[in-house]
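Colleague: Take a look at the following structure, please.
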């Protein structure tokens, strides 16, 4: 039996390569076409911003407002009518006090904050020494009228006017008919040793040509105690030294003969007029109370009528305090004050007094601020 040899015939090489090439090209085209379709589907077109057309606004023509200005009318200058016969005393010229000086830095000009200490006298300074703590003093001449004319009258008239002043509640209006110095003085203490009368009016800028031997100085201010307590005044005036605290009279420390004729006040102190000051026995006032940090009013009146020496010393005693004693056994009491005494005045007081008469450098002060 013959066997047949079965052999597979190989395909033609040209046909198979063409088919493969065609298939490859179609595959590439198919992939590219799919990518284009997918890219076109996925990709979104970006929207570009298109600005709106500009709005046309019509321009309005605005007229500028016109303001009518009235013409300035200046008042006519007034004429001052004065008497042909002028009194010479009204033309008193006082010492000028400079207000403009170098500033605190030394190079800027401005107003002085403190007066010149050299111009401050035992009666006070022409400007405030301690704003809010000083007493304002006004000088009255009871022998001269407001026009500077000499008035008749002596001690009796002086005593009568002083009595009227007390009866009307220490009202300065009772002294309106008399000459009043234009210049006021400001002080923070009252300790005037024995000095010549002429120094009193000179301190107020009054010339010696004006007769002012019968005079009064009324000081008004406020006092306060930081701790509170009870106090009383000791002092002496050769003629008038009267005190009032919170509108209540607490002492007439001047000449007692004048006190008996002008006031109902009398001292009840056991040591009254036992010790001396300025060559006269000291008078002791009444106790008065001060609440802590509560300010009250205070009046001080000094004066004289003889035209010779003048004096008015004022010290204060605090209840419960033990004070050292001087050569005569009297307590060395602090000088009443609302601020420290200027050094130049301390030297003047020491020169005019005897050591131990008063404590000039005590820390006790009755300042409000």
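Residue numbers (the working numbering): 1 to 369.
From the three backbone atoms N, C-alpha and C, an ideal C-beta is built for every residue, glycine too.
These numbers were taken from a predicted model, which means no experiment stands behind them.
1. Which partner residues of residue 139 appear in the DSSP bridge assignment?
2. Quick check on this structure: which residue in 179, 189, 338 and 360 has the alpha carbon closest to the alpha carbon of residue 123?
3. Between which two residues does the alpha helix (DSSP H) holding residue 349 run?
4. When the Cα atoms are used, what is the spatial distance from residue 269 to residue 149?
5. How do the stretch 277-292 and the stretch 340-350 stand: do at least 3 beta-carbon pairs fall below 8 Å, yes or no?
6. Around the Cβ of residue 161, are there at least 16 other Cβ atoms within 10 angstroms (buried) or fewer (exposed)?
7. Specify the secondary structure class of residue 160 as computed by DSSP and reduced to three states.
8. Given that a residue counts as buried once 16 or more other Cβ atoms are within 10 Å of its Cβ, and exposed if not, what is residue 193?
9. Measuring CB to CB, does residue 243 end up less than 8 Å from residue 302?
10. Name the two residues that bound the continuous beta strand (DSSP E) containing residue 310.
11. Quick check: residue 232 and residue 313, are their CB atoms within less than 8 Å of each other?
12. In the DSSP assignment, find the beta strand (DSSP E) that holds residue 193 and state where it starts and stops.
13. On the premise that residue 234 lies in contact with residue 249, defined as a C-beta separation below 8 Å, what is that separation, rounded to the nearest angstrom?
14. How many Å lie between residue 215 and residue 133 at the Cα?
15. In the DSSP assignment, what are the bridge partners of residue 372?
16. Are there three or more Cβ pairs, one per stretch, closer than 8 Å when the stretch 328-335 is compared with the stretch 246-262?
17. For residue 323, does the three-state DSSP call read helix, strand or coil?
18. Report back the beta-carbon spacing between residue 121 and residue 203 to the nearest angstrom; my notes put them in contact at under 8 Å.
19. Looking at C-alpha atoms only, which residue of 316, 347, 222 and 25 is the closest neighbour of residue 362?
20. Quick check: what's the CA-CA separation for residue 267 versus residue 286?
21. According to DSSP, is residue 279 helix, strand or coil?
22. Does the beta-carbon of residue 320 have 16 or more other beta-carbons within 10 angstroms, so that it is buried, or is it exposed?
23. Do residue 142 and residue 178 have their CB atoms nearer than 8 Å?
24. Nearest-angstrom Cα distance between residue 152 and residue 211?
25. Who pairs with residue 231 in a beta bridge, going by DSSP?
26. If I follow the unbroken beta strand (DSSP E) through residue 187, where does it start and stop?
27. Restricting to Cα atoms, I'd like to know which of 28, 126 and 296 is closest to residue 224.
28. Note down, in chain order, each residue of its chain lying with its Cβ closer than 7 Å to the Cβ of residue 247, except the 5 sequence neighbours on either side.
29. List the whole-angstrom C-beta distance separating residue 180 from residue 138, where the pair is believed to meet the contact cut-off of C-beta under 8 Å.
30. Determine the direct distance from the alpha carbon of residue 356 to that of residue 324, and round the result to whole angstroms.
31. So for residue 22, helix, strand or coil by DSSP?
32. To the nearest angstrom, report how far apart residue 353 and residue 259 are at their CA atoms.
33. Give the range of the alpha helix (DSSP H) segment to which residue 260 is assigned.
34. Excluding five sequence neighbours on each side, which residues of the same chain lie with their C-beta closer than 6 Å to the C-beta of residue 213?
35. Got a sec? Which residues, its chain only, sit under 7 Å from residue 144 by beta carbon, not counting five neighbours each side?
36. May I ask you to report which of helix, strand or coil DSSP gives residue 126?
Modeller: Taking the geometry as given:
1. Taking the chain shown and counting its residues from 1, one reaches residue 139 at position 139. Note: residue 139 sits in a beta bridge opposite 217.
2. Taking the chain shown and counting its residues from 1, one reaches residue 123 at position 123. Nearest option by C-alpha distance: 189.
3. Within the chain shown, the letter at position 349 stands for residue 349. Where residue 349 is concerned, the enclosing alpha helix (DSSP H) stretches over 343-352.
4. Walking along the chain shown from the start, residue 269 turns up at place 269. Walking along the chain shown from the start, residue 149 turns up at place 149. Looking at the two C-alpha atoms, the distance is approximately 43 Å.
5. no
6. Start at 1 with the first residue of the chain shown, and residue 161 comes out as number 161. When all chains shown are included, residue 161 counts as buried.
7. Taking the chain shown and counting its residues from 1, the one referred to as residue 160 is at position 160. Here residue 160 sits in helix by DSSP.
8. Along the chain shown, read from residue 1 onward, the residue named residue 193 stands at position 193. The residue is buried, with at least 16 neighbouring Cβ atoms inside 10 Å.
9. In the chain shown, the residue the question calls residue 243 occupies position 243. In the chain shown, the residue the question calls residue 302 occupies position 302. Cβ distance not < 8 Å, so residue 243 and residue 302 don't count as in contact.
10. Taking the chain shown and counting its residues from 1, the one referred to as residue 310 is at position 310. Looking at the DSSP string, the run of the beta strand (DSSP E) that includes residue 310 is 309-318.
11. On the chain shown, position 232 is the one that residue 232 refers to. On the chain shown, position 313 is the one that residue 313 refers to. No, these two residues do not count as a Cβ contact at 8 Å.
12. Here residue 193 refers to the residue found at position 193 when the chain shown is read from its first residue. First-last of the beta strand (DSSP E) with residue 193: 191-196.
13. Taking the chain shown and counting its residues from 1, the one referred to as residue 249 is at position 249. Taking the chain shown and counting its residues from 1, the one referred to as residue 234 is at position 234. Not confirmed; about 16 Å, so no contact.
14. For the purposes of this step, residue 215 is taken as residue 215 along the chain shown, with counting starting at 1. For the purposes of this step, residue 133 is taken as residue 133 along the chain shown, with counting starting at 1. Going by the C-alpha atoms only, they are around 25 Å apart.
15. Because the chain here runs from 1 to 369, residue 372 falls outside it and cannot be looked at.
16. no
17. As a first step, residue 323 must be located in the chain shown, where it is residue number 323. DSSP places residue 323 in coil when its eight states are reduced to three.
18. Locating residue 121 in the chain shown gives position 121, counting from the first residue. Locating residue 203 in the chain shown gives position 203, counting from the first residue. Yes, they are in contact, since the Cβ atoms of residue 121 and residue 203 sit about 4 Å apart, within 8 Å.
19. To locate residue 362, count along the chain shown from 1; it is residue 362. Closest by alpha carbon: 316.
20. Sequence index remark: in the chain shown, residue 267 carries index 267 (1-based). Sequence index remark: in the chain shown, residue 286 carries index 286 (1-based). Each residue's Cα considered, the two are about 7 Å apart.
21. The residue labelled residue 279 in the question sits at position 279 within the chain shown. Reduced to three states, the DSSP call for residue 279 is coil.
22. Here the question's residue 320 lines up with position 320 in the chain shown. Result: exposed.
23. Translated into positions along the chain shown, residue 142 becomes position 142. Translated into positions along the chain shown, residue 178 becomes position 178. Yes, they are a contact pair.
24. Counting from one through the chain shown, the residue named residue 152 turns up at place 152. Counting from one through the chain shown, the residue named residue 211 turns up at place 211. Roughly 12 Å between the two C-alpha positions.
25. Position 231 of the chain shown, counted from the start, is the residue given in the question as residue 231. BP columns for residue 231 point to 288 and 318.
26. Numbered from 1 along the chain shown, position 187 holds the residue referred to as residue 187. 185-187 is the extent of the beta strand (DSSP E) around residue 187.
27. To locate residue 224, count along the chain shown from 1; it is residue 224. Comparing Cα-Cα distances from residue 224 to each of 28, 126 and 296, the minimum goes to 296.
28. Locating residue 247 in the chain shown gives position 247, counting from the first residue. Contacts found: 297.
29. Here residue 180 refers to the residue found at position 180 of the chain shown. Here residue 138 refers to the residue found at position 138 of the chain shown. That belief holds up - the Cβ atoms of residue 180 and residue 138 are roughly 6 Å apart, short of 8 Å.
30. For the purposes of this step, residue 324 is taken as residue 324 along the chain shown, with counting starting at 1. For the purposes of this step, residue 356 is taken as residue 356 along the chain shown, with counting starting at 1. Spanning the two alpha carbons is a distance of roughly 9 Å.
31. In the chain shown, counting from the first residue as 1, residue 22 sits at position 22. Here residue 22 sits in helix by DSSP.
32. On the chain shown, residue 353 is found 353 positions in, with the first residue counted as 1. On the chain shown, residue 259 is found 259 positions in, with the first residue counted as 1. One C-alpha to the other measures close to 25 Å.
33. If you number the chain shown from 1, residue 260 lands on position 260. Its alpha helix (DSSP H) spans residues 256-262.
34. One-based indexing of the chain shown puts residue 213 at position 213. Answer for residue 213: 307, listed in chain order.
35. In the chain shown, residue 144 corresponds to position 144, counting from 1. Taken in chain order, the residues that qualify are 150, 151, 178, 179, 210, 211 and 212.
36. For this step, residue 126 is matched to residue 126 along the chain shown. Residue 126 carries a coil assignment under DSSP once its states are collapsed to helix, strand and coil.
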